[in-house]
Amino acid sequence: MVDLKELSSALQEHIRPQHLPLAIKMAKTAAEIPPRMRHPAKDMGFQSAICQAISMARRYGWALALTKDDLSCPLAKVVFGFAPAIPYYTEGFACAEMYTETAEAGAVTEAEQPKFAYGDYHAILVAPLTRTDFEPDVIVVYGNSAQVMRLVTAALYKRGGRITSSFSGRIDCADIIIQTMHTKDCQVILPCYGDRIFAQTEDSEMAFTIPQSRIAQVIEGLQGTHKGGVRYPIPSFLRYQAVFPEKYMKLEELWRRGEETPTS
22 MVDLKELSSA LQEHIRPQHL PLAIKMAKTA AEIPPRMRHP AKDMGFQSAI
72 CQAISMARRY GWALALTKDD LSCPLAKVVF GFAPAIPYYT EGFACAEMYT
122 ETAEAGAVTE AEQPKFAYGD YHAILVAPLT RTDFEPDVIV VYGNSAQVMR
172 LVTAALYKRG GRITSSFSGR IDCADIIIQT MHTKDCQVIL PCYGDRIFAQ
222 TEDSEMAFTI PQSRIAQVIE GLQGTHKGGV RYPIPSFLRY QAVFPEKYMK
272 LEELWRRGEE TPTS
């Protein structure tokens with residue numbers, strides 16, 4: 022199993038996130054769900070959106086498991102393969118007159134949405150790094166834009182280049198999990214409309230994901246870029262002489278002239 026304690030330590034030292042970094046796994050069978058994980062429907066009495074579960078995990082420190090019976094968001098059910106993609110969805114009607122002008126444009130949006138095949142997975146597991154007892158597929162860290170920028174620099178430290186991410190403003194749970202697993206690369210996440218409404222994600226927040234195969238590189242990148250002087254909190258450049266208001270500078274003039282009050 023990857024060393025999540027080392028990752029947690031590196032993130033706390035170099036990123037200082039306000040909320041807990043999380044590990045996420047797509048479980049193919051019920052046997053892969055560790056004991057004592059909370060199921061929203063059974064243990065809390067309501068179905069949850071995936072973004073809500075992520076928010077509970079990062080804010081409360083809970084470990085959660087979501088099967089199709091726990092999910093409330095119809096769009097998430099489709100893209101995560103817990104429900105079939107019927108024509109109403111594929112032809113763009115769930116998107117039209119809300120996110121797109123027409124159903125035809127909505128169909129383009131839905132076609133480009135990251136997806137798992139129907140029936141591929143049984144559950145989504147989400148837990149703080151310090152409480153994870155499963156092998157994660159994805160790590161997600163929420164933070165401000167400067168913290169996400171630091172994670173971008175860390176991810177590129179060994180290989181160089183650029184991070185490529187894409188956005189639609191909706192279903193960001195698919196960007197966090199599915200797109201990261203499909204690309205096997207880090208992703209910058211723009212929180213979607215639902216994440217902000219149902220999961221209380223704030224306007225100042227973004228997120229960053231790390232696939233399991235990139236964890237060691239990101240740890241080394243955090244350390245290497247920090248050593249090179251790229252740090253968070255961002256250092257302020259303060260070695261300059263400020264310009265003060267004219268009335269303040271009048272004191273300097275009076276001192277130079279040896280006067281206590283202005284002559285005119």
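Using my numbering, the final residue of the sequence shown is 285, and nothing's skipped along the way. In this text, a Cβ means the ideal position worked out from N, Cα and C, and glycines have one as well.
Helix, strand or coil at ILE107 [DSSP, three-state]
Here residue 107 is taken as the residue at index 86 of the sequence shown, counted from 1. In this structure, ILE107 counts as coil in the three-state DSSP scheme.
Per-residue burial, ARG191 [other beta carbons within 10 Å of its own, 16 or more giving buried]
Taking the sequence shown and counting its residues from 1, one reaches residue 191 at position 170. Flag for ARG191 reads buried.
Please report the straight-line C-alpha distance between TYR120 and LYS268, rounded to a whole angstrom.
For the purposes of this step, residue 120 is taken as the residue at position 99 of the sequence shown. For the purposes of this step, residue 268 is taken as the residue at position 247 of the sequence shown. Going by the C-alpha atoms only, they are around 54 Å apart.
Reference LYS26, options PHE219, ASP154, PHE114, ILE107, closest by Cα:
Taking the sequence shown and counting its residues from 1, the one referred to as residue 26 is at position 5. Put simply, of PHE219, ASP154, PHE114, ILE107 the residue whose alpha carbon is nearest the alpha carbon of LYS26 is ASP154.
Under the rule that 16 or more other beta-carbon atoms within 10 Å means buried, what is LYS63, buried or exposed?
Position 42 of the sequence shown, counting from 1, holds the residue named residue 63. Exposed.
Inter-residue Cα distance where the pair is SER93 and SER69
The sequence position of residue 93 within the sequence shown is 72, counting from 1. The sequence position of residue 69 within the sequence shown is 48, counting from 1. Approximately 5 Å, taken between the alpha carbons.
Contact set for GLN233: own chain, Cβ-Cβ below 7 Å, skip 5 residues either direction:
By one-based count along the sequence shown, residue 233 stands at place 212. So the qualifying residues of the chain are VAL23, PRO157, ASP158.
Continuous beta strand (DSSP E) stretch holding TYR163: start and end
Sequence index remark: in the sequence shown, residue 163 carries index 142 (1-based). 159–164 is the extent of the beta strand (DSSP E) around TYR163.
Let's see if you can read the secondary structure: which residues bound the alpha helix (DSSP H) around PHE219?
Start at 1 with the first residue of the sequence shown, and residue 219 comes out as number 198. Here the alpha helix (DSSP H) through PHE219 covers 214–219.
LYS49 (DSSP reduced to helix, strand or coil):
Counted from its first residue, the sequence shown places residue 49 at position 28. Note: LYS49 maps to coil in three-state DSSP.
Where does VAL23 sit, in a helix, a strand or coil, going by DSSP?
Within the sequence shown, the letter at position 2 stands for residue 23. If DSSP states are grouped into helix, strand and coil, VAL23 belongs with coil.
One question on the structure: do ALA228 and ILE210 come within less than 9 Å of each other, judged by their Cβ atoms?
The residue labelled residue 228 in the question sits at position 207 within the sequence shown. The residue labelled residue 210 in the question sits at position 189 within the sequence shown. It is a contact, given that the beta carbons lie within the stated cut-off.
Spatial distance of LEU177 from GLY102 (CA atoms)
The sequence position of residue 177 within the sequence shown is 156, counting from 1. The sequence position of residue 102 within the sequence shown is 81, counting from 1. Between LEU177 and GLY102, the C-alpha separation is close to 32 Å.
Here's the rule I'm using: 16 or more other beta-carbon atoms within 10 Å means buried, otherwise exposed. How should MET77 be labelled?
Within the sequence shown, the letter at position 56 stands for residue 77. Buried, by the Cβ-count rule.
By the three-class DSSP mapping on this structure, what secondary structure does MET170 have?
Within the sequence shown, residue 170 is the residue found at index 149, counting from 1. It is helical.
Can you tell me which residues form a DSSP beta bridge with VAL147?
Position 126 of the sequence shown holds residue 147. Answer is ILE45, LEU85.
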